[in-house]
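Count the sequence shown with our numbering and you get residues 1 to 353, in order. Think of the CB as a built atom: it goes at the ideal place given N, C-alpha and C, for glycine as much as any other residue.
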Amino acid sequence: MSAVRIGIIGCGPIAQAGHLPATVKAHNAQLYAIADRSPRLRSYAAAVYEPHAVYADASELLADPQVEAVIVAVADQFHIPLTLQALAAGKHVLVEKPLGVDVNSCQQLLAISQTSDRVVQVGNNKRFDPGIAFAHDMTAQLGERMAYRGWYCDSLYRYTVTDNLQPTIIQDAQALRPDGNPKGDRRKYLLLTHGSHLVDTARYICGPITQVQTRLLQRAESWCWFSAVTFADGSLGHLDLTVTIRGDHHEGFHLYASEGSIMAKTYLPWYHKSSDVEVFTSHDQQYHRPLGADGHSYKRQIEGFADTIRGHTSQRGASVSDGLAAIQVLTAMTQSAKADGATVVVADVTGEP
1 MSAVRIGIIG
11 CGPIAQAGHL
21 PATVKAHNAQ
31 LYAIADRSPR
41 LRSYAAAVYE
51 PHAVYADASE
61 LLADPQVEAV
71 IVAVADQFHI
81 PLTLQALAAG
91 KHVLVEKPLG
101 VDVNSCQQLL
111 AISQTSDRVV
121 QVGNNKRFDP
131 GIAFAHDMTA
141 QLGERMAYRG
151 WYCDSLYRYT
161 VTDNLQPTII
171 QDAQALRPDG
181 NPKGDRRKYL
191 LLTHGSHLVD
201 TARYICGPIT
211 QVQTRLLQRA
221 ESWCWFSAVT
231 FADGSLGHLD
241 LTVTIRGDHH
251 EGFHLYASEG
261 SIMAKTYLPW
271 YHKSSDVEVF
281 TSHDQQYHRP
291 LGADGHSYKR
301 QIEGFADTIR
311 GHTSQRGASV
321 SDGLAAIQVL
331 TAMTQSAKAD
341 GATVVVADVT
351 GEP
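If you want it as structure tokens, here you go:
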């Protein structure tokens with residue numbers, strides 16, 4: 001198949017660490033164009049990755065008829081506006097997670113995307129971690145799900161690790177940023193940034209979350225969300241989001257079902273290492289463990305995106321519906337925590353996390 005010609009909007013940290021090198025490495029994609037308001041950032045990306053076209057504004061890139069698909073790799077507050085612009089221009093879209101910053105705008109995007117034949121994928125790259133993908137596929141052999149435990153505990157020392165693993169990130173103080181200081185609301189920023197991974201993985205393995213009961217504790221400059229959740233099939237779950245912990249990055253999940261179980265340990269994505277996953281199946285009384293040699297989840301998500309565009313596979317990546325559902329769950333967690341752990345029905349929430 002011909003490579004999908006991709007344009008990347010935004011040449012900041014997530015593009016430099018993830019999407020730019022991943023697009024170049026993807027076997028079925030071509031880095032055709034980049035766009036960034038910052039001359040410094042776009043000059044750097046152009047020099048290193050040599051796209052065919054370089055633009056100073058997203059609208060110029062979206063007007064290029066050679067660009068088939070775009071990756072929206074900018075601040076969270078710009079995700080939905082740029083995705084809407086890309087759809088209006090007839091482009092397929094891979095938009096970074098979280099999909100948006102409030103329920104209502106995500107619902108509006110969903111309604112518009114349903115009238116389009118373009119592929120829209122949310123950048124929950126962990127769905128393309130080979131171990132997590134294996135766990136997802138094996139759930140069909142495990143019978144009825146009973147209990148799920150998921151945790152995402154970000155380390156105080158993560159930036160020491162990522163500084164060694166990632167390329168040196170080029171910054172520009174004049175780069176386009178959202179109004180105000182979104183990162184100044186530490187609670188909301190951490191919940192959106194890290195909670196979107198925790199919730200999407202839980203939903204990927206166990207399906208929709210219908211109810212949430214959350215307790216929130218802030219102590220020693222750390223935040224801890226403990227959430228009891230109910231899935232649509234009636235199974236129960238516990239989600240632990242703690243940021244930051246004094247120790248190594250700690251992420252994974254356990255699933256217990258009528259015909260087996262899953263245990264998973266997930267690494268920082270910058271190691272490009274598959275999760276360690278062990279699946280026990282009762283029918284043969286065997287443990288199953290994938291190697292997952294290609295653990296580059298950012299590359300694999302672009303390859304999955306391109307395969308979906310070309311019609312070679314159904315969409316494994318998170319959809320707009322999945323992105324909306326994650327924001328709804330995070331908003332329900334916030335509302336429950338404010339109500340001392342009261343049960344909140346996910347489908348009923350509005351507003352923002």
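Return the Cβ separation of residue i and residue j in integer angstroms, given the expectation that the two are a contact with Cβ distance under 8 Å.
| i | j | result |
| --- | --- | --- |
| V329 | V161 | The Cβ separation is near 28 Å, so there is no contact. |
| L239 | S227 | 4 Å |
| I245 | L255 | Incorrect: roughly 23 Å between the Cβ atoms, too far for contact. |
| A86 | V70 | 5 Å |
| T266 | G252 | 5 Å |
| Y32 | V67 | 6 Å |
| Q77 | P13 | About 16 Å; that fails the 8 Å criterion. |
| L192 | P98 | 5 Å |
| C206 | Y148 | 5 Å |
| V101 | E352 | 6 Å |
| Y17 | P167 | Sequence check: residue 17 is Ala here, not Tyr. With a Cβ gap of about 7 Å, A17 and P167 count as contacting. |
| H296 | V243 | At roughly 25 Å, the Cβ-Cβ gap does not stay under 8 Å, so H296 and V243 are not in contact. |
| H283 | M138 | With 8 Å as the limit, H283 and M138 do not qualify as a contact, their Cβ atoms being about 12 Å apart. |
| T214 | G341 | 6 Å |
| A3 | Q30 | 4 Å |
| S274 | D163 | Their Cβ separation, rounded to whole angstroms, is 23 Å, which puts S274 and D163 out of contact at 8 Å. |
Here's the rule: buried if 16 or more other CB atoms are within 10 angstroms of the residue's CB, otherwise exposed. What is residue i?
| i | result |
| --- | --- |
| T313 | exposed |
| L165 | exposed |
| P178 | exposed |
| Y204 | buried |
| Y271 | exposed |
| A133 | buried |
| S59 | exposed |
| Y152 | buried |
| D154 | buried |
| E50 | exposed |
| A370 | What the structure shows of the chain is the stretch from 1 to 353, and residue 370 is not part of that stretch, so it cannot be assessed. |
| R5 | buried |
| G304 | buried |
| T334 | buried |
| P357 | Past the boundaries of the shown model lies residue 357; the chain is included only from 1 to 353, so the question cannot be answered. |
| A173 | exposed |
| A15 | buried |
| G184 | exposed |
| G180 | exposed |
Could you tell me which residues DSSP puts in a beta bridge with residue i?
| i | result |
| --- | --- |
| W151 | D240, G252 |
| E278 | M263 |
| H288 | V279 |
| G123 | E96 |
| C224 | L217, T242 |
| A339 | Bridge partners of A339: none, in fact. |
| V4 | A29 |
| V212 | V229, V344 |
| A22 | None; A22 has no bridge partner. |
| I9 | A35, V72 |
| A318 | V122 |
Are the Cβ atoms of residue i and residue j separated by less than 8 Å?
| i | j | result |
| --- | --- | --- |
| A306 | N124 | no |
| L82 | L109 | no |
| R37 | R316 | no |
| V212 | S336 | yes |
| V119 | I209 | no |
| Q107 | A318 | no |
| L94 | E259 | no |
| D64 | G7 | yes |
| Y349 | A325 | Checking the displayed sequence, the identity of residue 349 turns out to be Val instead of Tyr. Cβ distance not < 8 Å, so V349 and A325 don't count as in contact. |
| K338 | K25 | no |
| L41 | A175 | yes |
| I309 | T23 | no |
| D233 | R145 | yes |
| A140 | V279 | no |
| G237 | T201 | no |
| L61 | A45 | no |
| I80 | S105 | yes |
| V48 | I327 | no |
Taking 7 Å as the cut-off, is the beta-carbon of residue i closer than that to any non-hydrogen atom of the ligand NAD?
| i | result |
| --- | --- |
| C224 | Although the ligand NAD was asked about, the structure shown includes no ligands whatsoever. |
Exercise. Where are the alpha helix (DSSP H) runs, 4 residues long or more, that stay fully inside the stretch 39-101, in chain order?
Worked result: 39-49, 58-62, 79-88
Problem set entry | Ordered list of beta strand (DSSP E) runs contained in the stretch 128-194, each at least 3 residues | 145-155
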